[in-house]
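Beneath this line is the structure, given in structure tokens, with notes to follow.
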Amino acid sequence: MVSDLINANPTVYEKRDRRTRTAPNDVDEYAAEPIDQLEIFDHLRDIKDPEHPYSLEELKVITEDAIEVDDKRSYVRVTFTPTVEHCSLAAAIGLCLRVKLMRCLPSRYKVDIRVAPGSHATEASVNKQLNDKERVAAALESPNLLNLVEECLAPSFA
Amino acid sequence: MSLEGESFELREIQRLEGHTDRVWSVAWKPSTGVDGVPAVLASCSGDKTVRIWEKSPSTGSFQCKAVLDETHTRTVRSCAWSPSGKNIATASFDATTAIWENVGDEYECVSTLEGHENEVKSVSWNASGSLLATCGRDKSVWIWEVLPGNEFECVSVLQGHTQDVKMVQWHPHVDILFSCSYDNSIKVWLEDGDDDWHCVQTLTEANNGHTSTVWALSFNASGDKMVTCSDDLSLKIWGVDVMNTKSGEGYAPWKHICSISGYHDRTIFSVDWSSEGIIATGAADDAIRLFVENKDNLVDEPMYKLLLKKDKAHEMDVNSVQWSPEGDKLLASASDDGTIKIWELVSV
């Protein structure tokens, strides 16, 4: 079945150590703690690739640098890099990222997801699809796609 | 309503709760809210239901009078009342369009229109209620003839859009159909007198049109202007010589009049032109904006100006805005936050 894979031999990178977030000394425990880049990366790094038993972090589909966040404006932009230019699973990966963020960020957040410029043959079309919320809503009502997403987001995978 | 030299605000009258998922669309029942008839509003949602809300004459507040459920098996994306208000049509991601008949407080599903391959996204009745149009992800636009006995016959399947069709809307006075799409275009469809419908005009970037998904369109009261809204963060105003269109002597093309840009910073999902001339928009930045024609007519001034912006109108995206049949007094809005809000435009 190996020949059916879109990227049969992906490069696998080491996972980075989990950093503990350093809290300032004068902690006001009642103050709202802003959501930062690392927190969002932690939400996304362990998502499983749709066709490999590796995480998006291990395949460098997602890196911490690819996440822009502005907590004051409640805005996140995630830029991911498919492992191959013609990856037909790019939309599926994007959908996993969006669902994960929908589930773990406060609802006030606005999320834009895109593939890294130059990383995909049909970049504009993938980006448009991933940011059309009507298409995303319809996709998540499809049992096959929802199963795929749930599998990639399964917490048992680490 | 005179808008000169006054300032206005949108005052929240009521928040309607009941849907358990995002609310996609709202539709006021025609001829309600006037002449002592209580205002009636329909809403549809990702929770697969349609809710009917009625204003109580005694308390003045809206109450849910009916829940139309157990018919659609997926998201109900849009709903539209027939001009008489006797029927309501609902378009669903389950690939069907349901027709409901209203008797007293009851709504009964009397017909289900099948044919689209997958998600139906919009439904619209023509001015006389004799024709219905639907559109969807299968890139097609269907025209249905309304026959006696709740029968609906498909008279045309229109191909032409290259991507999913987001909305269909009949012209308010003549049987011309408009559709807008993920392919960035607006198409105009006309019958040639031989029961054959075809595309007579496509408004694209080449006609000063939109550069991304066109989500919705709305007409002014006289029907000689149309406004469209888009993912490209702009509104476009289009105009036509309406007299020519009415006479039936050939087709009068629609022309770009102006673009309203620089006001929105996320996708504009909904636009509605009130009978009094106020354009309302609902957008992904949670805000509602109102625009009016700039009557000053000074050179270098924009043709439309922002009347007001209601920030944080909802806690999430605003998917639909609709003026009540009363004119520009009441506005309904629907949101991803699962609520519908009723707003009153008041001068301050």
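These protein sequences, in sequence, are chains A and B.
Counting from 258, one number per residue, gives the positions in the first sequence under the working numbering.
Counting from 16, one number per residue, gives the positions in the second sequence under the working numbering.
C-beta atoms are modelled at their ideal positions from N, C-alpha and C, and glycine is treated no differently.
Contact of A:R365 with chain B is assigned, a C-beta pair being separated by under 8 Å. Closest option to B:V82, judged by alpha-carbon separation, among B:A110, B:K251, B:E32 and B:T127: B:E32.
Between the region 172-187 of chain B and the region 151-162 of chain B, the count of Cβ pairs shorter than 8 Å is three or higher; the stretches touch. Under the 8 Å criterion on CB atoms, A:E398 is classed as interfacial with respect to chain B. When C-beta atoms of the region 343-361 of chain B are compared with those of the region 283-300 of chain B, three or more pairs fall below 8 Å, so the two segments count as touching.
The C-alpha of A:V383 lies about 13 Å from the C-alpha of A:K390.
Rounded to whole angstroms, the separation of the alpha carbons of A:A381 and B:K320 is 32 Å. For the pair B:G144 and B:L25, the Cα-to-Cα distance works out to about 33 Å. Here B:N141 has W185 and D190 as same chain residues with Cβ atoms under 6 Å from its own Cβ, once five neighbours each way along the sequence are excluded.
Interface residue (Cβ-Cβ distance to chain B less than 8 Å): A:D327 is not classified as such.
Annotation: the continuous alpha helix (DSSP H) that includes A:I297 extends over Q294 to L301.
Between B:H176 and B:N222, the C-beta gap is not smaller than 8 Å, which leaves the two residues out of contact. Close to B:M331, with beta-carbon spacing below 8 Å, are these residues of chain A in chain order: S364 and R365. Under the three-state reduction of DSSP, B:G265 is assigned to coil, being neither helix nor strand.
In chain order, A395 and E398 make up the part of chain A whose C-beta sits under 7 Å from the C-beta of B:F108.
For A:Q294, the closest of A:V406, A:K385, A:Q386 and A:V326 by C-alpha to C-alpha distance is A:V326. For B:G130, same chain residues with a beta-carbon under 7 Å away, outside a window of 5 residues either side, are W157 and C169 in chain order. DSSP places A:M359 inside the alpha helix (DSSP H), whose first and last residues are A347 to C361. For A:R392, the enclosing alpha helix (DSSP H) has its first and last residue at K390 to A396.
With fewer than 16 other Cβ atoms inside 10 Å of its own Cβ, A:A411 counts as exposed. When 9 Å is used as the limit between beta carbons, B:G130 is near no residue of chain A, the shortest such separation being about 18 Å.
Taking every protein chain shown into account, the CB of B:Q78 has fewer than 16 other CB atoms within 10 angstroms, so this residue is exposed. Every beta strand (DSSP E) of 3 residues or more that sits fully in the region 263-329 of chain B is shown, in chain order, as 270-275, 283-288, 294-298, 303-308 and 319-325. Under the 8 Å criterion on CB atoms, B:Y278 is classed as non-interfacial with respect to chain A. Remark: C-beta atoms of A:A265 and B:E134 do not approach each other more closely than 8 Å.
Boundaries cannot be given for B:A110, as no beta strand (DSSP E) includes it and DSSP labels it neither H nor E. When Cβ-Cβ separations below 8 Å define contact, B:G224 makes no contact with chain A. Between B:V41 and B:S60, the beta carbon gap of about 10 Å keeps them out of contact (Cβ cut-off 8 Å). Counting along the chain, A:V406 sits inside the alpha helix (DSSP H) bounded by residues P400 to L410.
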